[in-house]
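J.: Protein sequences appear in the order of chains H and Y. Per the working numbering: the first sequence = residues 12 to 216. Per the working numbering: the second sequence = residues 12 to 216. Don't be surprised by glycine CBs; every beta carbon is placed ideally from N, CA and C.
There are 2 protein chains.
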Amino acid sequence: MKPPNGIKNSGAKAKNTRERLVDSARRLFAENGYQKTTVMDIARDAQLSEAALYEYFKGKEDLLLAIPDLWVSELLADMEDQLFGIEGAFNKLRKYLWWTLRRIEESPLDAKIVYLFLKTNAAFMETDVYLNVKSLYSKLIEIFEQGRANGEMDPHLDPYVARSIVIGAIDYLVIRWLLKDRAYSLFERLDEAYRLLAKAFGPPP
Amino acid sequence: MKPPNGIKNSGAKAKNTRERLVDSARRLFAENGYQKTTVMDIARDAQLSEAALYEYFKGKEDLLLAIPDLWVSELLADMEDQLFGIEGAFNKLRKYLWWTLRRIEESPLDAKIVYLFLKTNAAFMETDVYLNVKSLYSKLIEIFEQGRANGEMDPHLDPYVARSIVIGAIDYLVIRWLLKDRAYSLFERLDEAYRLLAKAFGPPP
DNA sequence: AGGTTAACCTAATGCTATTAGGTAAGACAA
DNA sequence: TTGTCTTACCTAATAGCATTAGGTTAACCT
């Protein structure tokens with residue numbers, strides 16, 4: 012099947028090879044974990060030699076960090092689009108939550124890489140991908156500032172603390188769901204969670 | 012200093028050796044990360060050969076999992092003690108939060124092992140230590156059930172969802188603090204966070 | 001005294017990430 | 001056409017590291 016002294020790719024096809032490596036790595040890391048997956052496993056899955064992999068990535072960890080590139084930048088572009096035209100801070104917050112969980116449910120492999128392998132990795136915080144993650148988070152700050160300014164939300168609300176609580180809740184839900192092998196729906200108790208958060212951020216009684 | 016064909020430990024001293032290994036591993040893992048720390052680093056730090064380490068632990072990961080044993084069981088015992096005699100669900104919740112963060116601040120090495128290396132590790136969830144972690148979490152369920160029953164809290168409050176939010180918030184605060192090298196106080200915005208959570212769980216307006 | 005065991009050692013073994021040093025094929029200029 | 005350059009890939013080391021085999025020494029037990 013594979014020519015002995017293989018047909019070489021050139022130009023456009025090389026891009027394809029890089030993507031093939033990322034795809035193989037994503038699937039194998041997500042299935043078997045970062046440590047238990049060997050560079051040889053990935054190279055073989057992508058129909059390549061180990062040495063060729065090092066033409067595209069500096070090493071195993073560099074490959075890991077490259078996996079969510081595309082997903083996260085798509086998320087960022089889509090978020091602006093999804094929130095566009097929604098009026099009111101609470102409506103935006105609600106949309107943000109449902110949208111986030113839906114995107115995670117649709118891309119469980121990328122989500123596993125990000126939530127289980129990268130979010131607690133100091134090197135990840137130095138990458139360009141993390142800049143995009145921060146942009147996703149900072150949208151929440153805008154929402155809370157808007158809500159506080161227009162009287163929908165508590166005038167004493169600290170947007171950074173509110174953001175911690177929202178992201179903390181999302182992370183916790185997602186990590187448990189991933190560790191339990193996605194055996195239930197991510198949305199199961201989201202209505203109730205939103206109800207509590209809305210109560211927390213709303214004006215005082 | 013170290014006798015050439017060393018004096019052997021026996022009985023009581025062997026326990027000491029195991030502890031020495033755990034202490035070295037905790038410090039080195041916390042400082043340099045799990046992957047970048049070698050078994051030889053740990054053995055040398057504990058003044059032992061690599062082979063001897065395998066008399067005490069099945070392997071590198073087994074050693075990692077053993078590190079927080081003592082800390083977590085002490086936490087469990089102390090928590091009961093700390094909450095004893097406190098009246099009211101909100102007072103207990105407040106105490107739970109402040110107590111948790113204080114214990115984490117006092118033991119940053121153990122906290123780093125648990126929050127950065129173990130909480131997203133599926134193998135950790137199968138250990139006995141994790142049973143203790145679950146006990147720590149289930150105390151929150153009791154608190155919310157009590158609060159709902161005695162009218163302090165929202166009668167429609169789902170204790171499991173409330174717990175997710177509290178644990179999510181704690182995890183998020185702790186992980187960021189650890190990744191930022193503990194450059195600020197963990198308690199910095201805890202008052203405001205508690206205020207928001209209390210509003211979320213309190214009776215509807 | 002002789003045997004057993006606990007605690008530790010040195011020296012393999014074997015796996016895995018990474019690198020050295022190529023080769024074939026197409027592009028391109030003279 | 002022929003020679004050089006570059007791209008995309010290869011085989012075969014190299015080197016680091018977790019783990020294991022097979023001891024040795026000293027204390028304890030009977």
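#1: Evaluate Phe128(Y) with the Cβ neighbour count: other Cβ atoms within 10 Å of its Cβ, from every protein chain shown; 16 or more gives buried, anything less gives exposed.
#2: Could you tell me the alpha carbon to alpha carbon distance between Asp182(H) and Tyr126(H), rounded to whole angstroms?
#3: Is the number of C-beta pairs between the region 141-149 of chain H and the region 79-93 of chain H that are closer than 8 angstroms three or more?
#4: What did DSSP end up calling Met136(Y) once you bin it into helix, strand or coil?
#5: Could you work out which residues of chain H lie near Glu203(Y), taking near to mean beta carbons separated by less than 7 angstroms?
#6: Say whether the region 60-75 of chain Y touches the region 105-117 of chain Y, bearing in mind that this needs 3 or more beta-carbon pairs closer than 8 angstroms, one atom from each stretch.
#7: Exposed or buried, what is Met51(Y) when buried is set at 16 or more other beta-carbons lying within 10 Å of its beta-carbon?
#8: Is Ser35(Y) helix, strand or coil by DSSP?
#9: Roughly how many whole angstroms lie between the Cα atoms of Arg206(Y) and Leu59(H)?
#10: What residues in its chain sit with their C-beta under 8 angstroms from that of Gln93(H), if we drop five residues either side in the sequence?
#11: Hey, how far is the Cα of Glu72(H) from the Cα of Tyr195(H)?
#12: Specify the secondary structure class of Arg114(Y) as computed by DSSP and reduced to three states.
#13: Given the structure, does Pro166(H) come close to the ligand PLP, in the sense that its CB is under 7 angstroms from one of the ligand's heavy atoms?
#14: Counting pairs of beta carbons, one from the region 39-57 of chain Y and one from the region 134-143 of chain Y, are three or more of them closer than 8 angstroms?
#15: Measuring only the C-alpha atoms, how far is Ile97(H) from Gly179(Y)?
#16: Excluding five sequence neighbours on each side, which residues of the same chain lie with their C-beta closer than 8 angstroms to the C-beta of Leu197(Y)?
#17: Skipping 5 residues on each side, what residues in its chain have a beta carbon closer than 8 angstroms to that of Ala173(H)?
#18: Can Ser175(H) and Ala41(Y) be called in contact, C-beta distance under 8 angstroms?
#19: Give the residues from the region 179-191 of chain Y that approach chain H closer than 7 angstroms (Cβ to any Cβ), ordered along the chain.
#20: Taking all protein chains shown into account, decide if Gly162(Y) is buried (16 or more other Cβ within 10 angstroms of its Cβ) or exposed.
#21: Mind reading off the beta-carbon distance from Pro79(Y) to Asp34(Y)? Whole number of angstroms is fine, and I expect it under 8 angstroms.
#22: Using the three-state DSSP reduction, which class does Lys13(Y) fall into: helix, strand or coil?
#23: Specify the secondary structure class of Asn143(Y) as computed by DSSP and reduced to three states.
#24: Strictly under 8 angstroms for the Cβ-Cβ distance: is Leu74(Y) near chain H by that measure?
#25: Is Ser21(H) helix, strand or coil by DSSP?
#26: Taking only the alpha-carbon atoms, compute the straight-line gap between Glu30(H) and Arg193(H) and give it to the nearest angstrom.
#27: What would DSSP say about Ile97(H), mapped onto helix, strand or coil?
#28: So Pro216(Y) contacts chain H; which residues on that side make the cut at Cβ distance below 7 angstroms?
#29: Hey, how far is the Cα of Lys19(H) from the Cα of Asn27(H)?
T.: Answer, in terms of the structure:
#1: Buried is the call here.
#2: Roughly 7 angstroms between the two C-alpha positions.
#3: Between the region 141-149 of chain H and the region 79-93 of chain H, the count of C-beta pairs closer than 8 angstroms reaches three or more; the two stretches touch.
#4: If DSSP states are grouped into helix, strand and coil, Met136(Y) belongs with the helices.
#5: Proximity of chain H to Glu203(Y) at the Cβ level (cut-off 7 angstroms) is accounted for by Asp169, Val172, in chain order.
#6: No, the region 60-75 of chain Y is not in contact with the region 105-117 of chain Y.
#7: By the 10 Å Cβ count, Met51(Y) comes out exposed.
#8: If DSSP states are grouped into helix, strand and coil, Ser35(Y) belongs with the helices.
#9: The straight-line gap from Cα to Cα measures roughly 56 angstroms.
#10: Hits under 8 angstroms: Lys106, Trp110.
#11: In a straight line, the C-alpha of Glu72(H) is about 31 angstroms away from that of Tyr195(H).
#12: If DSSP states are grouped into helix, strand and coil, Arg114(Y) belongs with the helices.
#13: Of the ligands one can find in the structure shown there are none, so the ligand PLP has no counterpart to examine.
#14: Touching, no, given that fewer than three Cβ pairs across the two stretches are closer than 8 angstroms.
#15: C-alpha separation (whole angstroms): 27 angstroms.
#16: Non-local beta-carbon contacts of Leu197(Y) in its own chain, meaning distances under 8 angstroms to residues more than five positions away in sequence, involve Leu112, Ile115, Glu116, Leu184, Val185, Trp188 in chain order.
#17: Within the same chain, Ala173(H) has close Cβ partners Leu151, Phe155, Ala211, Phe212.
#18: With contacts defined by Cβ atoms closer than 8 angstroms, Ser175(H) and Ala41(Y) do not form a contacting pair.
#19: Of all residues in the region 179-191 of chain Y, only Gly179, Ala180, Asp182, Tyr183, Leu184, Ile186, Leu190 place a beta-carbon less than 7 angstroms from a beta-carbon of chain H.
#20: Flag for Gly162(Y) reads exposed.
#21: Contact between Pro79(Y) and Asp34(Y) fails: their C-beta atoms lie close to 13 angstroms from each other, not under 8 angstroms.
#22: Low confidence applies here, because Lys13(Y) scores a pLDDT of 30, under 50, leaving its location unreliable; read the following figure in that light. It is coil, neither helix nor strand.
#23: It is helical.
#24: Judged by the 8 angstroms Cβ criterion, Leu74(Y) is not in contact with chain H.
#25: Model confidence at Ser21(H) stands at a pLDDT of 46, short of 50, so the residue's coordinates are unreliable; what they give is reported in the following sentence. Coil.
#26: If I take the Cα positions, the gap works out to 26 angstroms.
#27: Coil.
#28: Near Pro216(Y) (Cβ distances below 7 angstroms), the residues of chain H are Pro216.
#29: Any reading at Lys19(H) is ruled out, since the residue's pLDDT is 47, under 50, leaving its predicted position unreliable.
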